[in-house]
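The structure appears right after this line, and notes come after that.
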Amino acid sequence: MKSMTVWLLPALLTWCYEVQAKAVFAHFMVGNVASWSEARWETDIGVAQAARIDALALNIAYGDDSVSMSVANAFAAANAKRFKLFFSFDYAGGPGGAWPQSEVLKYLRTYINNGAYYPTDGGQPFVPTFEGPGNATGSSNLLISIS
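Using mature numbering (1 follows the signal peptide of the UniProt record, and there is no 0), the letters of the sequence shown map in sequence onto residues -21 to -1, 1 to 126.
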């Protein structure tokens, strides 16, 4: 009887446990992959999918001339692989300094309606930032501008 109790208790606890599933993201430094083709993006997105990653946070720095083409290749590959991406605007690490609001809006308007862009549970685009200490204000202005 004792062995049955030892087995039954974990089974009952497992039955009562409710799983709270959360999305898994990987932070991806786009400036490090300037030479990547769409095919290379597809390969690495496949690796992310195999690792059960739900989306890649594309860390993009202002003033890096390679970002625009890299982002275009990433989204083309993500669409082909039915994978999700979202931007993480890096306000601290770019050669051009902080992102001007007009440039952030340009990227958002270009990509937030793309089928590969990761939405929040409410269907809104997910747009985190990596802010430098001097750039913590102004996010509310972006919300107004893309609404």
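Just so it is clear, CB atoms sit at the ideal spot from N, CA and C, and this is done for glycine as well.
Exposure of residue i, with buried meaning 16 or more beta-carbon neighbours within 10 Å
i	result
Ala34	buried
Ala36	buried
Ala5	exposed
Contact under 9 Å by Cβ, residue i with residue j
i	j	result
Pro98	Pro107	no
Phe68	Tyr96	no
residue 135	Glu21	What the structure shows of the chain is the stretch from -21 to 126, and residue 135 is not part of that stretch, so it cannot be assessed.
Ser45	Gly73	no
Closest Cα partner of residue i within the set the options
i	options	result
Phe62	Arg88, Thr89, Ala53	Ala53
Ala30	Asp100, Ser45, Val3	Val3
Ser14	Ala27, Asn93, Ala36, Met48	Met48
Gly42	Ile32, Gly76, Ile24, Gly94	Gly76
Gly102	Glu110, Asn92, Glu82	Asn92
Gly94	Ala57, Glu82, Val83	Ala57
Cα-Cα separation between residue i and residue j, rounded to whole angstroms
i	j	result
Ala55	Trp78	24 Å
Val12	Ala40	13 Å
Phe7	Ala27	11 Å
Arg88	Ile24	23 Å
Val50	Ala18	13 Å
Gln80	Lys1	30 Å
Asn38	Glu110	11 Å
Glu82	Tyr90	13 Å
Ile32	Tyr86	23 Å
Near the ligand MG: residue i beta-carbon under 8 Å from a heavy atom
i	result
Ala29	Questions concerning the ligand MG fall outside what the structure shown contains, since it holds no ligand whatsoever.
Please go through the stretch 32 to 89 and give each complete beta strand (DSSP E) segment of 3 or more residues, from N-terminal end onward.
34 to 40, 63 to 69
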